[in-house]
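Chemist: Numbering (the numbering used here), first residue to last: 312 to 673.
Dropping a structure here in structure tokens format, bear with me for questions.
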């Protein structure tokens, strides 16, 4: 299967609408509905849970269960305090970066709809040059154009409202996808494309396939933790993002040597089941899919950890997408890597045998 043929115009149109839609941690349901609607022609049924994780299922009656997974949520902010002058102070919902906040436009989500605001910042002329303050959680604030706390509250804004950035999808230099929340709605997109390819290529799997779009990864892998106990899978292949380490100010001796455009990244970690990972590496080599390797030390920091250590142990692997500028509004990935992750997961599923235990002792 040529990587040139994987993404089509319909795929890209869905990707754009899916990335542009706000899906902050704890408030993923509208994005999940978009995702389920796109996935519907390619699966037999759906599972959803109390907190909003969505799962498309192929062969739901099969006893042997394989998961492919991404997470649906994006980092955001909460309104934490409203001053008498109508300014808002915030706390994180996930790993939101305080340094990129000043002068950013924001959407505040209320029961009355979106309220627009901006992260204000004192003008360069007014700052003390010899001891400039840097942006930090204690000094960044949002201005809604209000003069009093009462005006803020009249707009429907209150403590606990969630805040996202409005930055939208674009393509740079023909093949670089840029948006906020590529971490990790791109994962949800890629596993949906795997399901589409299975259907379009008329592939029949001998096991049940669970296409899982988990919630609440950004605050501790919580959605994956919940759904792993619901599904009780035998195998899990997770996809998330990792750092392109070739941009300035990143130490390759610490972060590894990874670059977008050079292929999917296969993880090495105690949470990774070695035989499953070897199957994926062998497939990549056999199908001439370019790939990179990444050592993640004691934990992967992704939903892989939640699946691996659930239900007495689930054979798990992680295939990552190299990404520049993680947790900013200009996250960037290479189209070729997106297509190669899709192909690598697809080919790996075709290789996994029914009832395969991946035991080290046989």
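Cβ coordinates follow ideal geometry from the N, Cα and C atoms, glycine included.
Bear in mind the structure is a predicted one, so any value in this text is a computation, not a measurement.
If residue 418 sits next to residue 459, beta carbons under 8 Å apart, how far is it from one beta carbon to the other, in whole angstroms?
Modeler: The Cβ separation is near 22 Å, so there is no contact.
Chemist: In or out: residue 672 buried (at least 16 other Cβ within 10 Å) or exposed?
Modeler: exposed
Chemist: Starting from residue 603, trace the beta strand (DSSP E) both ways and give me its first and last residue.
Modeler: Residues 603-606.
Chemist: Have a look at residue 323 and residue 642 and give me their C-alpha separation to the nearest angstrom.
Modeler: 17 Å
Chemist: Distance, Cα to Cα, residue 415 vs residue 430?
Modeler: 5 Å
Chemist: Would DSSP call residue 399 helix, strand or coil?
Modeler: strand
Chemist: Which two residues bound the contiguous beta strand (DSSP E) that contains residue 498?
Modeler: Where residue 498 is concerned, there is no enclosing beta strand (DSSP E), although the alpha helix (DSSP H) it sits in stretches over 493-511.
Chemist: To the nearest angstrom, how far is it from the Cα of residue 567 to the Cα of residue 606?
Modeler: 8 Å
Chemist: Using a Cβ-Cβ cut-off of 6 Å (strictly less than) and excluding sequence neighbours within five positions of residue 481, which residues of its own chain qualify?
Modeler: 489
Chemist: With distance defined between alpha-carbon atoms, name the residue in 509, 527, 396, 337 nearest to residue 317.
Modeler: 509
Chemist: In this structure, what does DSSP give as the bridge partners for residue 329?
Modeler: Answer by DSSP bridge pairing: none, since residue 329 is not bridged.
Chemist: Below 8 Å between beta carbons: does that hold for residue 357 and residue 665?
Modeler: no
Chemist: When the distance is taken between beta carbons, is residue 502 closer than 8 Å to residue 336?
Modeler: In this structure, residue 502 does not lie closer than 8 Å to residue 336 by Cβ.
Chemist: Using the rule of at least 16 other Cβ atoms within 10 Å of the residue's Cβ for burial, across every protein chain shown, is residue 370 buried or exposed?
Modeler: buried
Chemist: Decide if residue 402 is buried, meaning its Cβ has at least 16 other Cβ atoms within 10 Å, or exposed.
Modeler: exposed
Chemist: Taking 8 Å as the threshold (C-beta atoms), are residue 450 and residue 443 in contact?
Modeler: no
Chemist: Is residue 640 helix, strand or coil by DSSP?
Modeler: coil
Chemist: Looking at the structure shown, is residue 314 part of a helix, part of a strand, or coil, going by DSSP?
Modeler: For residue 314, the pLDDT reaches just 44, beneath the cut-off of 50, and the residue's location in the model is therefore unreliable, leaving the point undetermined.
Chemist: Between which residues of its own chain and residue 346 is the CB-CB distance below 6 Å, once the five residues before and five after are set aside?
Modeler: 499, 524
Chemist: When you compare the stretch 556-567 with the stretch 618-632, are there three or more beta-carbon pairs, one atom per stretch, that lie closer than 8 Å?
Modeler: no
Chemist: When the Cα atoms are used, what is the spatial distance from residue 351 to residue 393?
Modeler: Our two residues, residue 351 and residue 393, have alpha carbons roughly 43 Å apart in a direct line.
Chemist: Report the residue from 544, 639, 349 whose alpha carbon sits nearest the alpha carbon of residue 495.
Modeler: 639
Chemist: Helix, strand or coil for residue 391, going by three-state DSSP, please let me know.
Modeler: Three-state DSSP puts residue 391 in a strand.
Chemist: Under the three-state reduction of DSSP, which class applies to residue 340: helix, strand or coil?
Modeler: In the three-state scheme derived from DSSP, where H, G and I count as helix and E and B as strand, residue 340 is classed as helix.
Chemist: Taking the alpha-carbon of residue 604 as reference, which of 331, 670, 575, 380 has the nearest alpha-carbon?
Modeler: The residue with the shortest Cα to Cα distance from residue 604 is 575.
Chemist: What's the C-alpha gap between residue 452 and residue 669?
Modeler: Straight-line spacing of the CA atoms in residue 452 and residue 669 works out to 52 Å.
Chemist: Determine the direct distance from the alpha carbon of residue 409 to that of residue 400, and round the result to whole angstroms.
Modeler: 12 Å
Chemist: When DSSP labels each residue in this structure, what does residue 478 get in the three-state scheme?
Modeler: If DSSP states are grouped into helix, strand and coil, residue 478 belongs with coil.
Chemist: Rounded to whole angstroms, how far is the Cβ of residue 632 from the Cβ of residue 615, which I believe are closer than 8 Å?
Modeler: Actually they do not touch by this definition, with Cβ atoms about 14 Å apart.
Chemist: Restricting to runs no shorter than 4 residues, where is the alpha helix (DSSP H) found entirely within the stretch 524-570?
Modeler: 533-542, 563-566
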